[in-house]
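Asker: The following block contains the structure, expressed as structure tokens.
Protein chains in written order, with my numbering: chain A, 3 to 113; chain B, 186 to 328.
What follows is the structure in structure tokens.
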């Protein structure tokens, strides 16, 4: 698993490349929190376009980052979510607080 | 009913074996030629059960996790077992969003995901003896 960060204005885009499970969760948690703490970050977008696998450990990681950005009065969204990941988002209720958008531009507009 | 094929695997309760276990299970069921979505369901369910064995069964100490797969004409039975600390209240553990480890950012959705991606999930557990999760799935594409 690799994690890449990019920014669009004050939005931090977190791209998860490869598999997000319990094993890779700690790396995502540590690296993402470090980026979020940079004062320029207002909102978060999780980009799943290159995520090949995610299980319920991913829910915990995403939820945790959402809580951190929420404390800073920011919002979060998810983009490029495949069917498998969308199902996990739906069943956990994650999609109610982190909306799934078609692409980065529509997510930025929505936030 | 006799299985048409069967395999057993044992590996250490290390988190890098989570992906190893789900890839092995996916490769094994692939010989039936299910759809990619059905294989993804198997991978996710196996990943949840193995993660539970590592985090909750062994609580990050080292022990063996066992996987036992039986293939039938159009279905699979997968057992994941550990010899860890066991589950005291299985009903509670299976509740959506319940987790005994909220401090680790666990979502409490493991069993719910297994139940949703497989047809049936049975849990047998004894305190200080271990846990066995048995999961069944019929591949509708092969019926």
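In this text, a Cβ means the ideal position worked out from N, Cα and C, and glycines have one as well.
1. Output yes if chain B places a C-beta closer than 8 Å to the C-beta of residue 49 (chain A); else output no.
2. Does residue 279 (chain B) come within less than 8 Å of chain A when only Cβ atoms are used?
3. Helix, strand or coil: which one does DSSP assign to residue 74 (chain A)?
4. Thinking C-beta only, is residue 310 (chain B) closer than 8 Å to residue 219 (chain B)?
5. Would you report the Cα separation of residue 98 (chain A) and residue 92 (chain A), rounded to the nearest angstrom?
6. Check residue 86 (chain A) in the structure and name its three-state DSSP category.
7. Run the CB neighbour count on residue 58 (chain A), radius 10 Å, all protein chains shown included, and call it buried at 16 or more, exposed below.
8. At least one CB of chain B closer than 8 Å to the CB of residue 55 (chain A): is that the case?
9. Taking only beta carbons into account, state which residues of the segment 240-267 of chain B come closer than 8 Å to chain A, listed in chain order.
10. Which residue or residues does DSSP assign as beta-bridge partners of residue 80 (chain A)?
11. Quick check on this structure: which residue in B:321, B:186, B:328 has the alpha carbon closest to the alpha carbon of residue 254 (chain B)?
12. Whole angstroms are fine: how far does the CA of residue 235 (chain B) sit from the CA of residue 199 (chain B)?
13. Mind reading off the beta-carbon distance from residue 251 (chain B) to residue 193 (chain B)? Whole number of angstroms is fine, and I expect it under 8 Å.
14. Go through its chain and collect everything with a Cβ distance to residue 64 (chain A)'s Cβ below 7 Å, but skip five positions before and after it.
15. I want to see whether chain A comes within less than 8 Å of residue 325 (chain B), judged by CB atoms only; does it?
16. Return no unless some Cβ of chain B is closer than 8 Å to the Cβ of residue 58 (chain A).
Answerer: The structure says:
1. no
2. Interface annotation, residue 279 (chain B): not in contact with chain A, CB-CB separation never under 8 Å.
3. coil
4. no
5. 8 Å
6. helix
7. Burial call: buried.
8. yes
9. 240
10. A:48, A:102
11. B:321
12. Separation of residue 199 (chain B) and residue 235 (chain B) (C-alpha to C-alpha, rounded to the nearest whole angstrom) is 10 Å.
13. 7 Å
14. 48, 96, 100
15. When Cβ-Cβ separations below 8 Å define contact, residue 325 (chain B) makes no contact with chain A.
16. Against chain B, the CB of residue 58 (chain A) has a partner CB under 8 Å away; the residue lies at that interface.
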